[in-house]
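Report on one structure; see the data block that follows.
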Amino acid sequence: MVVALGLVVAACGGGGVSASPSGSGTTTASQSEVASEQPFQSEGTFSPISYPDQPADCSADGYTGEFSQIRAVDEKTVEFELCAPDVAFLQKIAFSAFQIQDTATLENDMENHRVLARPNGTGPFMITEWQRGDHITMEANPNYWGDAPSYKTLIFRWSTDSAQRRVEIQGGRVDGIDNPGPDDFAALESDSALTLFEREGLNTFYIGFNNNPTIDGFDNTANPFAKEAVRQAVAMGIDRQQIVDGFYPRGSEVASHFTPCAIAFACVGEDWYEFAPDKAKQMLTDAGYPDGFSTTIHLRDVVRGYLPNPTQVATEIQTQLRENLNIDATIDVQESGTFIDNANAGALDGIHMLGWGADYPDQTNFLDFHFGAGASDQFGDKFSDITDALKIGATSTADADREAAYTDANNAIKQHVPMIPIAHGGSATVFQADVSGAHASPLSNELFSVMTPGDRDQLVWMQNAEPIGLYCADETDGESLRACEQIGESLYAYKVGGTAAEPSLATECTANGDGTVWSCTLRDGVTFHNGAALDANDVVETYAVQWDLDHPLHIGRTGDFAYFSALFGGFLNQPPPEG
Amino acid sequence: MLRFVLRRLLLSIPVLLGVVMLVFLLARVIPSDPCQAALQERATPQICAAFNARFGLDQPLPVQFVAYLGQVLTLDLGDSIRYNRPVADIIFERLPLTMELTVLALVFASVFGMLLGLLSAARRNSPLDVGTMVLANIGISTPVFVLGLVLAWLFAVVLRDTPIALPPSGRLSSGLALQTIPEAWGLTGMEGPLRAVLDFVSNMYVISSLITGQWTAFLDALSHMILPMVALGTIPLAIIARMTRSSLLDVMGLDYIRTARAKGLSSRVVMLRHALRNALLPVVTIIGLQLGLLLSGAVLTETIFNLAGMGRTITEAIQGRDYLVVQGLTVVIAIVYLAVNLVVDVSYGFLDPRIRLR
Amino acid sequence: MSEHVPAAVAPPREMDRERPANIWRDTASGILRQRSAQAGLVILGFLLFLAVFANVIAPFGPTDDIRYLVPPEHVNRLTPPCVHLLGCPASMPEHLFGIDGNFFDVFSRVVHGSRISLFVGFVTVGFAIVLGTLIGAVAGYAGGWVDNLFMRLMDVVLAFPALILAIAIVTVIGQGLFQAQIAIGIVAIPVYARVMRASVLSMKERDFVTASRALGESGRGILFRRILPNALTPLIVQGTLGIGSAVLEVAALSFLGLGVQPPTAEWGSMIGTNRNFVFSAPHLIIFPGIALSLTVLGFNLLGDGMRDALDPRLNR
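Residue numbers (the numbering used here), protein chains in the order written: chain A, -13 to 565; chain B, 19 to 376; chain C, 21 to 336.
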């Protein structure tokens, strides 16, 4: 089937195709030749593909995904057949992990990993240079279908130290920085050469627990956090207001629910526990820990919008655990990637400090990723009342049904305490005052093509860290995603500086009556950076590569495609669970 | 002389083998599973078995070691698990910066160290001498990371808006065009090993802009390197200054110097013509011995000044369990280190024939 | 950061075995005559005083959240030093070195930090000396392939820049104060092994050793009763100089987040965790930095003095 697909695409895909992976001696024109000299031939050559050939069986054992089939109807129309309605469909397809890729680029550049460093998108900027460790240079795309950038060069730099970012912007060496240190807000605002843009806290900082009685690799045959009462006690024994007051910048707030209230149905159900240290101590005693216990606070020393002062907040939590609950915690700082791996694998004992920034502004993005049936083992065993409620919430279309489902989910989360939501952290970007169009996006996806850096012909942006790879279907960190967002585009996009999903590469996507088939019409005249024209088969291939574990191009950087499984439920051809 | 060099070369082979073995073992006993680190939530037992087979991690350790040794001998260092790119590429990108930084720091330390040592010895027990030696003692005792942070604070914040303000991070001002050497010399069509060498040198911004005569870029790149260079070079500078001084004073006490003095030569002439040459022998050795110190310090300097060199890459790779990057980088650093030590030994043997006979 | 040391250490000095008591007294007074040794001893004495009486000198504990201890209205995060004598208004509570981001009193933390750094220095170097001496003695005395094997092993360890090997070791055995000391200790072993081996080699054929051998003393007896006491001098000199390096290296590991874990009051860790405040609250970096330099300076000066006193060859 795969070989057949390759042949079909190779024979009929039009511009940009060189050799199919099956290597059956079809056309061998090089990419650059195609790009510059062969305009796209549409008439009579387009042969729409469907993936898979026959719709996937939604009720098949082990299949948890929400797609049944993705098919090109004609050159500019693509249909997504779903197993069940998805109210957040538009919000999801707007996400940057689902930027539309050129079929030929995927076929030529995936196996040799070139796509990780030289993505071929449709966006306003084209990558020209990636000086590893130092900077990424992008040039304005002269053939951009939308409003082209008003300047020539966009440069991404990075530094993990907020002090360094501050000095760079104050010294005028960069045009914009992300995440100024919370203690630097006042100083930066009083600098007349700079403008500070507050970013509302569309994120959550939480401290998580693994509820497994035993955790591999740790000698804790009796994990105190396996007991719900202990988790509840800690939830009441942490003074969250004090953390927010002491360590968060202006515009931050104590979390009343896991999801920030700006998102629909986020704050239905009961508010989080009040700070009640005496009651908490009593509960610990009742749970069999009258003298507290020893535990570990795991964290990574990475500054995020949700956690501007990692080690200091860790120390504050350590102090509070000792003062309020007599729990003796040691602090364990781990390397970022290792920490995330360990969290996903459920390998962190004790307490771990992590957070979440919205990708798309919907409850499913916050709750399903962490507590849904497809979530990782981060918090140990899942709670069926939470997963059930989330499933209803994600598949209901009526507002009343969703509200009821999320009320149940929020209340169940409060009862089981898989984690304690602490804060929605406000953060900021800082730009030189003469940069017009500057903004801070609540989704942290600042779009630099709408900015104008005074009379300069380049804009230099300094963020927290270097992107790991630029094929963002297989990236999860915001630093990589922000770079991808300048280069590629999805069918929909989020409003600049906002959260609403609006048409981008698709001019329109509409659902059928029961919400199980979405039909998207593609924009005319869109070309990729290599000159290939966008067509419906590109969309099908973009999704198929991520969706199907057996797809020969399901490679990426790690092969995880974590966002696909998280947002769309699961993969095609997922092997049955072990045992 | 040739026999001496050959003997030293042969002696370094078992050491190199030991280095590769030690790094290999260290990388393999690091806790946490590379499969899990690479595949995260997809790391089921079946997938990990396939993963381990693909990377040869299911073989017994000695077999793996021989395979890795074979790889290393063919200059194939494998692929980074984290970046999914060849380790050799990563080294090729990161090594030039570290080499440039250490060379600049060493030049800085040697020139100023010998100068200060010479002045101190010439005016023994003068305020200059006492001051220099007190400063040298403080310099030796100041951690690289403290000095680096204080320098960054001083030159980027306190002295901001003055002509001597210096950038606290990065290698080149953004947007400043720096042509690579092949571009500057019109050799972009060139291929093969020489091209690789040119590309490698191109990544040393100060040196490549200097030899291609791109003066704006040269001054900019140099200004970015000054603070890291001073932070990294201060301890070696102090060591070299002290060594120069004491070595000079030792030599000045020897008979032939006394004879020269007795002949009525001025002490300045005696010092510069007669004493300096002999006194510099131990100084040259001590300069060669600074390399380890510099490479250790580079880890910290690169972290503080946001420079993507070997030191920072290796700490990141160790923490990220990117085993093949750790192995590749460490082996390359050890080879460089051994090679420099060899050169120091050989040059010393060249300067002092007695060594050869031992 | 110990690479500069071995070249500067002299081969063991000839020593007269018949009058050990006088030797030690002479040695001690010789050392005390050195100006650098005097300065080093003063500094170290001061630090030792701080360490012993830290509880009395420091107004707070190293991890006391002072909001819980004093009226909190004047306690602000990152408050710079407030010294009444230097013009800080009397209405403000006095904090010699200011307050850090966790409402800890920096002066108290710096004072308490002296305990950790002194402890780290002695334990780390002690560990390295014991192992290094053992390896060097066995290698030197046995000779042949044993010597070759041990010394090539030491060469392997020396082929790495110290900090990089230490980082690798810490990654294998885990983060923490104890682990950091082990790692730095391992990295330092070859220096002592080499010094010891050189001593053993030079003593092996000396009269008093051959005499003992002729009298039928066992190899172990000769090694530990005859040779080791005579080899102690260079080891002690080397060790004193090495303490400074060890303190620096453990602090460097902590700075990188691989050694002492926050919020323990260790100077390197204090500097590392507050790196981002270097421009906005430099007092968080400068005071632990000075303390660290001072400690290393003390050990270096003492080591220099000892070397000069015990090694008349290097006359400076």
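Even for Gly, the Cβ is constructed at its ideal location relative to N, Cα and C.
_So, at 7 Å on beta carbons, what are the nonlocal neighbours of TRP165 (chain C) in its own chain, with the 5 sequence-adjacent residues on each side left out?_
Cβ within range, chain order: n/a, list empty.
*Which residues of chain C have a Cβ atom closer than 8 Å to the Cβ of GLN349 (chain A), listed in chain order?*
By Cβ distance, chain C contributes nothing, its closest Cβ being about 34 Å from GLN349 (chain A), past 8 Å.
*How about GLY309 (chain C): is its C-beta nearer than 8 Å to some C-beta of chain B?*
Yes, contact with chain B.
*Pull out every residue of the region 78 to 111 of chain C whose Cβ sits closer than 8 Å to any Cβ of chain A, in chain order.*
Listed by position along the chain: THR83, ASP85, TYR88, ARG97, LEU98.
_Tell me which residues share the same chain as VAL37 (chain B) and place their Cβ nearer than 7 Å to its Cβ, disregarding the 5 neighbours each side in the sequence._
The residues are VAL349, ALA352.
*Assign ILE178 (chain B) to buried or exposed, taking buried as 16 or more other Cβ atoms, counted over all protein chains shown, within 10 Å of its Cβ.*
For clarity, residue 178 (chain B) is Arg in the given sequence; the question names Ile instead. With fewer than 16 other Cβ atoms inside 10 Å of its own Cβ, ARG178 (chain B) counts as exposed.
*Closer than 8 Å to chain A by CB, PHE198 (chain C)*: Chain A contact via Cβ: absent.
*Using 8 Å as the limit for Cβ to Cβ distance, is VAL319 (chain A) near chain C?*
Put simply, the CB of VAL319 (chain A) is near chain C, with a gap under 8 Å to one of its CB atoms.
*asked:* Determine, for LEU28 (chain B), whether the minimum Cβ-Cβ distance to residues of chain A falls below 8 Å.
replied: Between LEU28 (chain B) and chain A, the shortest Cβ-Cβ separation is not below 8 Å.
*asked:* Report the start-end ranges of each beta strand (DSSP E) in the region 424 to 491 of chain A that is 3 residues or longer and not cut off at the edges.
replied: DSSP assignment within the region 424 to 491 of chain A yields the following whole beta strand (DSSP E) runs of 3 residues or more, N-terminal first: 444 to 449, 478 to 480, 487 to 489.
*Indicate the three-state DSSP secondary structure (helix, strand or coil) for THR190 (chain A) in the structure shown.*
Strand, per DSSP.
*So, is TYR341 (chain B) buried or exposed, given that buried needs 16 or more other C-beta atoms within 10 angstroms?*
Buried, by the Cβ-count rule.
_Helix, strand or coil at PHE195 (chain A) according to DSSP, with G and I counted as helix_ = Here PHE195 (chain A) sits in strand by DSSP.
_Within 9 Å of chain A by C-beta, residues of the region 96 to 108 of chain B in sequence order_ = Flagged, chain order: ASP97, ILE99, ARG100, TYR101, ASN102, ARG103, ASP107, ILE108.
*C-alpha gap between GLY412 (chain A) and GLU186 (chain A), whole angstroms*: If I take the Cα positions, the gap works out to 5 Å.
*For chain C, find out if any of its Cβ atoms is closer than 8 Å to the Cβ of LEU356 (chain B); answer yes or no.*
Yes, LEU356 (chain B) counts as interfacial toward chain C.
*Would a check of beta-carbon distances place ALA316 (chain B) closer than 8 Å to chain A?*
No, ALA316 (chain B) does not count as interfacial toward chain A.
*With 8 Å as the threshold, decide whether the Cβ of ASN295 (chain A) is near any Cβ in chain C.*
Yes, its Cβ sits closer than 8 Å to a Cβ of chain C.
*Would you mind sorting ASP324 (chain C) into buried or exposed? The rule is 16 or more other CB atoms within 10 Å of its CB.*
Result: buried.
*Taking only the alpha-carbon atoms, compute the straight-line gap between ASP170 (chain A) and TYR37 (chain A) and give it to the nearest angstrom.*
If you draw a straight line from the Cα of ASP170 (chain A) to the Cα of TYR37 (chain A), it is about 52 Å long.
*Verify whether the separation of the beta carbon atoms of PHE142 (chain A) and ALA469 (chain A) is less than 8 Å.*
Pairing PHE142 (chain A) with ALA469 (chain A) gives a Cβ-Cβ distance under 8 Å.
*Checking contacts by CB at 8 Å: is SER36 (chain A) closer than that to chain C?*
Not an interface residue.
*Identify whether ALA357 (chain B) lies in helix, strand or coil by the three-state DSSP scheme.*
DSSP, reduced to helix, strand and coil, places ALA357 (chain B) within a helical segment of the structure shown.
*State the beta-bridge partners of MET339 (chain A) as determined by DSSP.*
Note: MET339 (chain A) sits in a beta bridge opposite A:ILE193.
*For PRO296 (chain A), three-class secondary structure by DSSP*: In the structure shown, PRO296 (chain A) adopts helical secondary structure according to DSSP, grouped into three states.
*Could you list which residues in chain A have their beta carbon closer than 8 Å to that of PRO200 (chain B), in chain order?*
Neighbours of PRO200 (chain B) on chain A: none; closest Cβ ~15 Å, over 8 Å.
*Could you tell me which residues DSSP puts in a beta bridge with CYS495 (chain A)?*
According to DSSP, which records beta bridges pairwise, CYS495 (chain A) is partnered with A:CYS506.
*Using 8 Å as the threshold, is the region 115 to 125 of chain A in touch with the region 81 to 98 of chain A, meaning 3 or more CB pairs across them?*
Counting C-beta pairs closer than 8 Å gives fewer than three between the region 115 to 125 of chain A and the region 81 to 98 of chain A, which falls short of the contact rule.
_Once the 5 residues before and after LEU321 (chain C) are set aside, which same chain residues still bring their CB inside 6 Å of it?_
For LEU321 (chain C), where only same-chain residues beyond five positions count, the Cβ hits under 6 Å are SER56, ALA59, GLY60.
_Euclidean distance between Cα positions of LEU174 (chain A) and PHE297 (chain C)_ = Across the structure, LEU174 (chain A) and PHE297 (chain C) are spaced so that their CA atoms are roughly 14 Å apart.
_Within 8 Å of any Cβ in chain C, is that where the Cβ of ASP335 (chain A) sits?_
Nearest CB-CB separation between ASP335 (chain A) and chain C: not below the 8 Å threshold.
*asked:* So, with DSSP's three-state summary, where would you put VAL59 (chain A)?
replied: Note: VAL59 (chain A) maps to strand in three-state DSSP.
*Taking ASP177 (chain A) as the reference, which of A:GLN472, A:TRP447, A:VAL416 has the closest Cα?*
Nearest C-alpha to ASP177 (chain A): A:VAL416.
_Quick test of the definition: if touching needs 3 or more C-beta pairs under 8 Å, does the region 428 to 445 of chain A touch the region 469 to 485 of chain A?_
Counting Cβ pairs under 8 Å, three or more are found: they touch.
_Limits of the unbroken alpha helix (DSSP H) element including SER145 (chain A)_ = Under the DSSP assignment, SER145 (chain A) falls outside any alpha helix (DSSP H); it carries neither an H nor an E label.
*Any Cβ of chain C within less than 8 Å of the Cβ of ALA173 (chain A)?*
For ALA173 (chain A), at least one C-beta of chain C is nearer than 8 Å to its own C-beta.
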